[in-house]
Each structure stands twice: as C-alpha cells, then as structure tokens.
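Here's the structure we're looking at; comments come further down.
Number of protein chains: 2
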Amino acid sequence: MGLRRSWLESANAPECDFPLNNLPYGVFSVGDSDLRCGVAIGDRIVDATGLEAAGLLPADPDADVLDAPYWNDFMELGREAWSRYRAALTAMLAEGADEAVQDQIVTHSVPIKDATLHMPFRVSEYTDFYAGRHHATNVGTMFRGPENALPPNWLHMPIGYNGRASSVVVSGTPVTRPHGQLKGRDDDVPHWGASARFDLELEIGAIVGQASDGPLSVQQAFDNIFGYVLLNDWSARDIQAWEYQPLGPFQAKATATTISAWIVTAEALEPFRISTPDRLEPLLPYLQEPGPMLYDIALEVGLAPTGKAETVIARTNYGEMYYSSAQQLAHHSSSGCPMRVGDLLGSGTISGPDRETRGSLLELSWGGKEPLTLDTGEGRCFLEDGDTVTLRGAAMGDGYRIGFGPCAGQVMPARP
Amino acid sequence: MGLRRSWLESANAPECDFPLNNLPYGVFSVGDSDLRCGVAIGDRIVDATGLEAAGLLPADPDADVLDAPYWNDFMELGREAWSRYRAALTAMLAEGADEAVQDQIVTHSVPIKDATLHMPFRVSEYTDFYAGRHHATNVGTMFRGPENALPPNWLHMPIGYNGRASSVVVSGTPVTRPHGQLKGRDDDVPHWGASARFDLELEIGAIVGQASDGPLSVQQAFDNIFGYVLLNDWSARDIQAWEYQPLGPFQAKATATTISAWIVTAEALEPFRISTPDRLEPLLPYLQEPGPMLYDIALEVGLAPTGKAETVIARTNYGEMYYSSAQQLAHHSSSGCPMRVGDLLGSGTISGPDRETRGSLLELSWGGKEPLTLDTGEGRCFLEDGDTVTLRGAAMGDGYRIGFGPCAGQVMPARP
Numbered sequence: 001m002g003l004r005r006s007w008l009e010s011a012n013a014p015e016c017d018f019p020l021n022n023l024p025y026g027v028f029s030v031g032d033s034d035l036r037c038g039v040a041i042g043d044r045i046v047d048a049t050g051l052e053a054a055g056l057l058p059a060d061p062d063a064d065v066l067d068a069p070y071w072n073d074f075m076e077l078g079r080e081a082w083s084r085y086r087a088a089l090t091a092m093l094a095e096g097a098d099e100a101v102q103d104q105i106v107t108h109s110v111p112i113k114d115a116t117l118h119m120p121f122r123v124s125e126y127t128d129f130y131a132g133r134h135h136a137t138n139v140g141t142m143f144r145g146p147e148n149a150l151p152p153n154w155l156h157m158p159i160g161y162n163g164r165a166s167s168v169v170v171s172g173t174p175v176t177r178p179h180g181q182l183k184g185r186d187d188d189v190p191h192w193g194a195s196a197r198f199d200l201e202l203e204i205g206a207i208v209g210q211a212s213d214g215p216l217s218v219q220q221a222f223d224n225i226f227g228y229v230l231l232n233d234w235s236a237r238d239i240q241a242w243e244y245q246p247l248g249p250f251q252a253k254a255t256a257t258t259i260s261a262w263i264v265t266a267e268a269l270e271p272f273r274i275s276t277p278d279r280l281e282p283l284l285p286y287l288q289e290p291g292p293m294l295y296d297i298a299l300e301v302g303l304a305p306t307g308k309a310e311t312v313i314a315r316t317n318y319g320e321m322y323y324s325s326a327q328q329l330a331h332h333s334s335s336g337c338p339m340r341v342g343d344l345l346g347s348g349t350i351s352g353p354d355r356e357t358r359g360s361l362l363e364l365s366w367g368g369k370e371p372l373t374l375d376t377g378e379g380r381c382f383l384e385d386g387d388t389v390t391l392r393g394a395a396m397g398d399g400y401r402i403g404f405g406p407c408a409g410q411v412m413p414a415r416p
Numbered sequence: 001m002g003l004r005r006s007w008l009e010s011a012n013a014p015e016c017d018f019p020l021n022n023l024p025y026g027v028f029s030v031g032d033s034d035l036r037c038g039v040a041i042g043d044r045i046v047d048a049t050g051l052e053a054a055g056l057l058p059a060d061p062d063a064d065v066l067d068a069p070y071w072n073d074f075m076e077l078g079r080e081a082w083s084r085y086r087a088a089l090t091a092m093l094a095e096g097a098d099e100a101v102q103d104q105i106v107t108h109s110v111p112i113k114d115a116t117l118h119m120p121f122r123v124s125e126y127t128d129f130y131a132g133r134h135h136a137t138n139v140g141t142m143f144r145g146p147e148n149a150l151p152p153n154w155l156h157m158p159i160g161y162n163g164r165a166s167s168v169v170v171s172g173t174p175v176t177r178p179h180g181q182l183k184g185r186d187d188d189v190p191h192w193g194a195s196a197r198f199d200l201e202l203e204i205g206a207i208v209g210q211a212s213d214g215p216l217s218v219q220q221a222f223d224n225i226f227g228y229v230l231l232n233d234w235s236a237r238d239i240q241a242w243e244y245q246p247l248g249p250f251q252a253k254a255t256a257t258t259i260s261a262w263i264v265t266a267e268a269l270e271p272f273r274i275s276t277p278d279r280l281e282p283l284l285p286y287l288q289e290p291g292p293m294l295y296d297i298a299l300e301v302g303l304a305p306t307g308k309a310e311t312v313i314a315r316t317n318y319g320e321m322y323y324s325s326a327q328q329l330a331h332h333s334s335s336g337c338p339m340r341v342g343d344l345l346g347s348g349t350i351s352g353p354d355r356e357t358r359g360s361l362l363e364l365s366w367g368g369k370e371p372l373t374l375d376t377g378e379g380r381c382f383l384e385d386g387d388t389v390t391l392r393g394a395a396m397g398d399g400y401r402i403g404f405g406p407c408a409g410q411v412m413p414a415r416p
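So the sequence lines, in the order shown, correspond to chains A and B. Note that UniProt numbering has the first sequence beginning at 1, numbered continuously upward. Note that UniProt numbering has the second sequence beginning at 1, numbered continuously upward.
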C-alpha cells in the first residue's frame, strides 16, 4: 500500500509523521481550553470531541465517548467500532471528499503548533517487560557475568514486572533526578543521595483496548491491543542495583515513565507486521504466535545537553524484540490476571546486536566504563542535569511514514 | 480508653467486632439496590450515602462525596474531614443521643446479615511488601539457604514490588486456581499446568488516603494513611519459583488478592499503636519513625476443607512486622513516585518466630516437607480445591475489640 492522499496537503509530504495512513489519537488543548480528543493529520489536529458534539462524526450512536480528556471510553467500544470510526474519518480526510466536509474539518481543527498535548489515555496499570534479547544479554552480562547473562527462564517466557501507572507522563514533562538508597561496591552500608547513574530506556508501549478476565490466546491478545506509543522507562541504575534483589526493580523505575503523545493504532501499523526472530528454544503453545505480530518500526534516541545540539546516540528497530506485545499480554493474562482498558505494556528496552543500536546508556557506555562522545565533544556515561532525551520512531512505507511524534523529557536537578 | 457505649445494644457486646470505637467503612447493597457507602456498628450497617442525601450527616458541605460505590472521594477530603465525620457519627450513635437522631439512624440502616458487601474502595495501585523478618528469613532459607536468608538490603529498606490492582477482590469472592509455567527441579524444560503449590499469605493492607507528588517523611506518610484491611496475597509458589528471577514475582501473584470488606480507620486504631521491633541495623534518617507506627493487632488464619470444620492454622500479631506501613509509604515515595488516593500497600506476610505463628503454608509446611494436620485429620502442604481460607484480626481493647471482619476466599478448581 502506498500513501493515501489527503486534501490537506501537509499530510502528503513524504517526511510528514501524520499522513492519512496514520491518524494517531491524542488529547490536546489550545490556550485555556478544556482537554479534547484529537487526531493528527499533516500539520493539524482534528477536534474529535468537537466533531462528535456537532454530530458530524459519532464514534458510538448511543453515547458521547469522546467528550472526555482521554480515549479510554472510545477504546471500550471494541475493535469493530475502532475500524468503523477510522474508516469514516479517513473518508472525510481523503482527497476527493466533499467541500462541505472539508469545511467542517477545517472548522473543527487546529494547527498542531498552537496546541498543548496531554496524556492520550488514562493509564490503568503499567507493566514493563524485559523482552529484548540483546538488552537482556548485555545487562545480564554486566550484572551477573556472561555465563549467567540470560536467566534460565528467559527463552521460555516474556519476563516482566508491574510498574507504577501514576508515574507515566506525556512527552515534554520534565523529569526530576531521584534520590534513593545508594551503595557502592566497597561501601559497608548504603547512603541517601541523588542518583548518579540516571538512565533512559528506549521502548515501545502497547495499550490494552479491551478488558479480559481470564487467560487470553496470543491471537486474542493481539486483537485486544488498541495501539502503540514510544516509551522511555527512566531508570536509576544505582538505586536499582542495590534494591532489585530479590523482588525486582521498585523505586529505580518509579520516578517517571515518559510516553509519546500520539497513540498510533494497530490498524495503522497493519502493513508493517513482521515475525519475531527465530526461537532459540521452542515456546509452550500458549505463547506461540499464529502470525507476524511484531512491527518494522525504525527507532532512534537523541540526547541534547542544555542549550546544545542533539546527538543521535542509538538507532535500532522494534523488530529486534524476542517477544511481541501480543505474547506479553497473553503471558500477563495466563494466571487469570484481569486486564483492563488502558493497561500499558512496555516492550522492554530495544537494543540491536551492535553498540550503536543499544537502547540505554547502561549498555552504550557498558556500565559507565566506556563513555560516549557526543557531537558536541562532551562525554556521557549516564544522564546529566539539563540533558534532553528524545525518542523517535516511524514505520517506513512507500513514500510515506507512520510516525509516532517525539517522546521527550529533560532531566531536572534532584530536589534540594 | 474503654468501650464507648452506643444506644445500639448489639455494639456493646465485648465480642462484637464493630463497637462504637471502631466504625469501619464499607460498601454494601441490599437485594438489587445500588451500591452505597456504609458504616458498621454492632449488627447493623448505617447507610452513609442515605444519611448524606438526606442532609443528616454531610461529609463535605460542598459535594455529595458519599454518593458513590466507594470511599475514595471521602478520603480525598483529608484528615481533618475524616476526623470531623467520625466525631459527628460517633455523637449520633453514642448512648444518650437524641431519640430523633436514633430514629434517623434506624431509618437509614440495615442489618448486616441482610446486606451484600462489596469492595470498599477503588484500588488505584497495589504494592506488596516483604517486611516481616521471620517470613523473609523463613522463605529466604528455603529459597537461598540459611546463610543467604535475608538479602543484604533487607535490614536497610522495606523491600517491595508493584502488584496488580485489577486482581484485588473483596472477601467472599471465589479464587480460581491459576495455570502457569511450572518447572520441577529435575525438569529440563517447563510445562504448562495448574499450580500445585497454591498458597495464602496473611497480611495487613494500608490504604493511602491522600495523594502526594514527592518524597514523604515517615510522619507525613503515617498521616496520609486512611485505614487498614486484612489482606490475603494468594501465591502460586511453583509459578513463582520459576518466574521470579531476576525481576520479581509476576503471574504467581496476579490471580487474586483478597481484602476484608471493612476499612478500619487509623483513628480507630490510635489506642493500639506500638513500636516496630529493635533495629538490627540503623536505618537511614528518611526511614526513621518519630513514634510508634505499628499496631497491636491479633491475627489468625483459618482453613476449612469443603463442607468441613475450620482449623485455625496460625495465630500471630501485626506487631511482628519489621517495617510499618508508614515506613513503607515513605520509602515508596522516596524516588518521587506519585502516590494516589486508593493506593493499597500490603504489609508483607506476617509471621512470628514459632511454627504456629507462620502466615503462609509455604512456611507452615516448610516448603511442603512437613504437612500440617488439620483438626479433621487431613494433611495439608498447600491449598486444595474447595478449601476456604479465612483471615481474622482485631485490636483488643479493655472490654471491646476493633475487629476487621473476615477476609475469606474459597479455592475453585483450575479452568479446564
């Protein structure tokens, strides 16, 4: 499939993140206005709340599900309604749409540059996985040595832990360097201090769009995923090293998790489905994929010191993941764990096999032993105050791209 | 302080869980009625939603915060409002209250035996700790040997992990035995099956009643806790053993967590405050308690096979905890993690030093090696289908008790 052309010319540029093929969902405000649901197209945001209120584009015949500062109620409608809505909106925005319809859209839209973006959905619960083999191998090697790099269970299940939904923030939100218990290798006892090894993690977040109350098959799990965002799982490595045994990361991951502002729907990504890499061990049937459920999404990490130019410190692809979000969701529900609309599943850090494809500073600087050199000439092992980290991602089509928009955050100094 | 006498005679019996000194908060329905907020007193439930609607006992002069099937909106009002409401209700229920007031209460109340109890609050997020020293030592000895029983960080911080809020259910809800990945010590690869080592954990849950957005002192944390419930953290030990390294328990703990139906307020427990045990290592200042913040609460675990009499398999006391809920909440917020109204913090399993004071079957049967004998003559290492587990707890006053009501659940067979 090629570019679907829109009468909105800005949507047809090959470098545009938001062509008609994309139509990602977000929440925006302009000035002091209420928060509204919006859809990005070209350089504009279509006011989905306004179109619904005017009766021009209802998502549900029975209720105003978009009269809310989040897309959760829309998600609850289910997969058929998601498709119907997307098809109707696509028709209104496609080249050749009635002039009257075009006028309605122009009336009910604003330039992206005039809008403030907010959390696109209410996060019910947040789970983070550890499902990239290169990342797990790298971190395992540093923490436990090369012979114990991959834990024995790793090739049999997507290892995950519950994170903290309250800490999820939208792109652009500053992130304050955390304090915590720190204990150096040669210290007898821990001390209290600001994290000196504050890190980023490049991930993709999957958003659960349908509730369930029992074990899901991988296909059911795939069908229940509404869409995806970029996700930066900020991590205090020094807090993590001291706290994480035996029950896993806790405060090291609780300061903030940043997501991009636009939900890219599973439907928009459909042409970019790819298979997970070959299995090194056979999976139990409940985790086997009936078809390709990963996506070919090019990813990069930018790091900019305060007031200076950005360096792209890593480039990789979502296709590096060993487990798809569908497999993760199937595993998550395997014990009967109820899943809810708005649950967010972090993929785990996405690293490729080579140094320049690693999705965290822990890996890029090999635990702080091999500093990166930024284009500005500065070195970096971990994040410094003022650093802005920006994740970017896009599925690359023929003459168009399905972009995610930035997932950015600046590190603020620790509290006094 | 002794018993506060009520004109409702059933509240004055020494064995009553709900004397005037208690006044725990729950949510109830009668027949097909809507869910309403209620307060237990003697053998009745005062309809707090109804009293508010009638203008007889407003919690907030500006809004009907009790016109909801949960106490979250009430909690948001804050500590002063909590106290004011409790004082007003106490006055209406105390011996000597006006006959007109007594008539109002009788009109707006129902017998407990006629009511169905529901979740008393909406769980925002659920965190489970591992803060009982006897439990951690027992489990650590079984999992890692006696020399590595307590992890090196254990005496320096309350170890915790994020659990799954969607899995929290109210007392009386059946619990289905989970499936999961299981791998015996001599197996080469895991298989899929129903958990054969399904267990209970005796805990107390603390409910966060005020939101925060940065590190809390222990005193602030104490002040933000609204109340407490009994909590059974159902655990599939065989799933846990295979999955928990390196990122902690996940599906082993996600099937269900049962809480008792009544929130016993911190204010009701005030006369029962006790100190945590002596420190084996000094704590960092951010975790030091300015005063006694544990409670003297007698606890017991009952186990009844289908259709048979119950055996009390353990008796212990909340005072065995090494860390209080206030310390746990302070630690939880230390990284800047935002805490929200309705967050639930499990204490960790409460075990005493002796076998009969252990709060899990894992400990009571020493990993399945030393079966318990029930009063019925049956043996138990772990839970069998049909078993009903009931936790009970009460702070024992002079001639009265602050009871929690039961925290019960029956184990249903695994899905086919």
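Beta carbons are placed, not taken as given, at the ideal position from N, Cα and C, and that holds for glycine.
Chain A residues whose Cβ lies nearer than 7 Å to that of residue i
i: methionine 157 of chain B; result: Gln181, Glu243
Under 8 Å by beta carbon: chain B residues contacting residue i
i: proline 215 of chain A; result: His179, Arg415
i: tyrosine 295 of chain A; result: Within 8 Å Cβ-Cβ: nothing; tyrosine 295 of chain A doesn't reach chain B, min ~24 Å.
i: glutamine 251 of chain A; result: His331, His332, Ser334, Ser335, Cys337
i: leucine 247 of chain A; result: Tyr130, Ile159, Gly160, Tyr161, Tyr244, Gly248, Pro249
i: isoleucine 239 of chain A; result: Ser335
Rounded C-alpha distance that separates residue i from residue j
i: phenylalanine 121 of chain B; j: phenylalanine 28 of chain B; result: 11 Å
i: valine 301 of chain B; j: tryptophan 234 of chain B; result: 13 Å
i: proline 285 of chain A; j: arginine 279 of chain A; result: 13 Å
i: aspartate 73 of chain A; j: threonine 376 of chain A; result: 46 Å
i: alanine 100 of chain B; j: arginine 5 of chain B; result: 18 Å
i: alanine 414 of chain A; j: asparagine 138 of chain B; result: 38 Å
i: alanine 394 of chain B; j: proline 58 of chain A; result: 54 Å
i: alanine 48 of chain A; j: arginine 36 of chain A; result: 7 Å
i: threonine 265 of chain B; j: phenylalanine 226 of chain B; result: 6 Å
i: aspartate 213 of chain A; j: threonine 255 of chain B; result: 10 Å
i: threonine 390 of chain A; j: proline 292 of chain B; result: 46 Å
i: valine 168 of chain B; j: aspartate 128 of chain B; result: 12 Å
i: isoleucine 204 of chain A; j: glycine 403 of chain A; result: 13 Å
i: glutamine 288 of chain A; j: glutamine 251 of chain B; result: 18 Å
i: cysteine 16 of chain A; j: glycine 348 of chain A; result: 27 Å
i: methionine 1 of chain B; j: proline 271 of chain B; result: 8 Å
i: aspartate 343 of chain B; j: leucine 93 of chain A; result: 43 Å
Any chain D beta carbon closer than 8 Å to residue i
i: asparagine 72 of chain A; result: Protein chains A and B are contained in the structure displayed, whereas chain D is not.
Chain-ordered chain A contacts of residue i [CB-CB under 9 Å]
i: glycine 163 of chain B; result: Asn162
Cross-chain neighbours of residue i in chain B, by beta carbon under 9 Å
i: residue 430 of chain A; result: The structure shown does not extend to residue 430 of chain A, since chain A spans only 1 to 416, so no value can be given for it.
i: leucine 284 of chain A; result: Gln181, Val189, Pro190, His191, Trp192
Contact list for residue i against chain A, beta-carbon separation under 8 Å
i: alanine 236 of chain B; result: Ser335
i: glycine 346 of chain B; result: Going along chain A, no residue has its Cβ under 8 Å from glycine 346 of chain B, so there is no contact; the nearest lies around 12 Å.
Sheet register partners of residue i (DSSP bridge)
i: glutamine 410 of chain A; result: A:Thr388
i: proline 111 of chain A; result: A:Arg44
i: tryptophan 71 of chain B; result: In the DSSP output, where bridge partners are listed per residue, tryptophan 71 of chain B has none listed.
i: asparagine 162 of chain B; result: A:Asn162, B:Thr127
i: asparagine 317 of chain A; result: A:Ala298
i: alanine 94 of chain A; result: A:Ser6
Minimum C-alpha distance to residue i - residue among the options
i: alanine 309 of chain A; options: A:Gly386, A:Ala268, A:Tyr244, A:Ile204; result: A:Gly386
i: serine 360 of chain A; options: A:Pro305, A:Glu201, A:Arg401, A:Pro290; result: A:Glu201
i: serine 33 of chain A; options: A:Asn21, A:Thr116, A:Val39, A:Met321; result: A:Thr116
i: asparagine 12 of chain A; options: A:Ile41, A:Met1, A:Tyr318, A:Ser334; result: A:Ile41
Requested in this report: Spell out a yes or no on whether the region 156 to 176 of chain B and the region 402 to 410 of chain B are touching, meaning 3 or more CB-CB pairs, one atom from each, closer than 8 Å.
Outcome: Counting Cβ pairs under 8 Å, three or more are found: they touch.
task: Could you say if the region 291 to 305 of chain B and the region 145 to 159 of chain B meet the contact criterion of at least three C-beta pairs nearer than 8 Å?
output: These segments do not touch.
Q.
Pairs of beta-carbons, one from the region 127 to 136 of chain B and one from the region 353 to 361 of chain B, closer than 8 Å: are there three or more?
A. Yes, the region 127 to 136 of chain B touches the region 353 to 361 of chain B.
If contact is defined by three or more beta carbon pairs under 8 Å, each pair taking one atom from either stretch, is the region 316 to 334 of chain A in contact with the region 361 to 370 of chain A?
Taking 8 Å as the limit for Cβ pairs, the verdict is that the region 316 to 334 of chain A does not touch the region 361 to 370 of chain A.
Taking three-plus beta-carbon pairs below 8 Å as touching, is the region 4 to 22 of chain B in contact with the region 91 to 111 of chain B? Touching, yes, given that three or more Cβ pairs across the two stretches are closer than 8 Å.
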